[in-house]
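Residue numbers (the working numbering): -14 to 246.
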């Protein structure tokens, strides 16, 4: 936390008899105070219902997932009254394998009757976005599958088009068509379908992407680059899948084709 105004809790300044609170910027905005330092608020955690003094304001930080906006927060100084609910241990990543068992042994020495429930902070953090991670995995697997199937389909269609237009390519070459012209002629229908697919699919992708991002209170802003790069990768896949047969078009021997006819 970054202190914006006032001070943090101190050992001498704060005690059980003198209530002290820290609030975040969202709480100060909700209360309508531009300078809340020294003002008194009443908080439900006080057993006697008495108020306490605001001694500091901290910056807004995320204590929930990014799906939610940052809510007003009051931080209470109550040493020795609430007990210890959680113990956070910062460890060396190289010791993470057997560390949980070591902590459990030490915990049982101090309080053998209490149940030990340990978890990694990273795991708890990821659980906030469990559904998002699962959705990402589904999209990744679907993306790989669709790219492979599409590439194989385009390659097969390209081979079929070449076999159907083999005679046409030979005749064009006889009348003086250049290799570059034959190469582009084979790619032309695939380029046309690519432009149609981009024109139809791009608006839907933009709409669905923005709708998904709206589930988060804090999210990135989509730029045109986010859509141009996938379209460019798709065009590259089409060129690779059809390039082999496009090169074969330029290598057609008109004499062999006319002999077959």
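Each residue gets a CB set at the ideal place from its N, CA and C atoms; glycine is no exception.
Helix, strand or coil at residue i according to DSSP, with G and I counted as helix
i           : result
residue 207 : coil
residue 160 : coil
residue 113 : coil
residue 23  : coil
residue 148 : helix
residue 58  : coil
residue 75  : coil
residue 103 : coil
residue 140 : helix
residue 131 : helix
residue 6   : strand
Backbone CA spacing between residue i and residue j [nearest angstrom]
i           : j           : result
residue 151 : residue 229 : 14 Å
residue 50  : residue 134 : 37 Å
residue 78  : residue 125 : 29 Å
residue 86  : residue 70  : 19 Å
residue 75  : residue 90  : 17 Å
residue 47  : residue 55  : 6 Å
residue 253 : residue 179 : Residue 253 lies beyond the residue range present for the chain, which begins at -14 and ends at 246; the question has no answer from this structure.
residue -11 : residue 120 : 38 Å
residue 20  : residue 111 : 36 Å
residue 219 : residue 136 : 10 Å
residue 104 : residue 113 : 14 Å
residue 165 : residue 129 : 32 Å
residue 206 : residue -7  : 35 Å
residue 173 : residue 143 : 11 Å
residue 162 : residue 127 : 42 Å
Residues of its chain near residue i, where Cβ-Cβ distance is below 7 Å and the 5 sequence neighbours each way are ignored
i           : result
residue 190 : 212
residue -13 : 43 and 44
residue 203 : 51
Residues near residue i in its chain [Cβ-Cβ closer than 8 Å; skip 5 each side]
i           : result
residue 139 : 175, 222, 223, 226 and 227
residue 233 : 147
C-beta neighbour in chain D for residue i, strict 8 Å
i           : result
residue 229 : No chain D appears in the structure shown, which is made up of a single protein chain.
Contacting residues, own chain, Cβ-Cβ under 6 Å from residue i (five flanking each side not counted)
i          : result
residue 15 : 57
The region 81 to 100 in contact with the region 179 to 196 per 3-pair CB rule at 8 Å: Here the region 81 to 100 makes no contact with the region 179 to 196; the two share fewer than three CB pairs at distances below 8 Å.
Meets three-Cβ-pair contact criterion under 8 Å: the region 47 to 64 and the region 4 to 22: Flag = yes, the region 47 to 64 and the region 4 to 22 touch.
Sequence ranges, beta strand (DSSP E) only - wholly within the region 150 to 198, length at least 3: Runs of beta strand (DSSP E) with 3 or more residues, each lying fully within the region 150 to 198, are absent.
Inter-stretch contact (C-beta, 8 Å, three-pair minimum) for the region 36 to 46 and the region 19 to 26: Cβ pair count under 8 Å is three or more, so yes.
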